[in-house]
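Below is one structure; the comments refer to it alone.
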Amino acid sequence: MRVEVNGEAREIADGTTITGLLASLGLAERPVAVERNAAIVPRAQHAQTALHDGDKLELVQFVGGG
Numbered sequence: 035m036r037v038e039v040n041g042e043a044r045e046i047a048d049g050t051t052i053t054g055l056l057a058s059l060g061l062a063e064r065p066v067a068v069e070r071n072a073a074i075v076p077r078a079q080h081a082q083t084a085l086h087d088g089d090k091l092e093l094v095q096f097v098g099g100g
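Next comes the structure, spelled out in structure tokens:
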């Protein structure tokens, strides 16, 4: 199925969760805010939230600095 991540189309397997997507992108261990179809998905729900064909996701990584 096809989803859009930060404006870029990606093919992912049926049944992929947000956690699975983040792992495939190398972001599993990083603090990432996820917006799915204009709604924030709490981190506690990433593992249970299955993605669907046509979903639009925005991923925001937090970067420390000083």
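For what it's worth, this note's numbering labels the leading residue of the sequence shown as 35, then goes sequentially. For each residue, glycine too, the CB sits at the ideal point set by N, CA and C. The model shown is predicted, which means the values in this text are computed figures rather than measured ones.
Inset, instruction - Give the single residue among G98, D87, F96 and A73 whose Cα lies nearest to the Cα of R36. - result: D87
Legend entry - Distance between G49 and N71 (C-alpha atoms, nearest Å): 17 Å
Inset, instruction - List the endpoints of the continuous alpha helix (DSSP H) containing I52. - result: In the DSSP assignment, I52 falls within the unbroken alpha helix (DSSP H) covering I52 to S58.
Legend entry - The beta strand (DSSP E) enclosing R36, as first and last residue numbers: R36 to V39
Legend entry - Closest Cα partner of D89 within the set L59, E69 and R64: The residue with the shortest Cα to Cα distance from D89 is E69.
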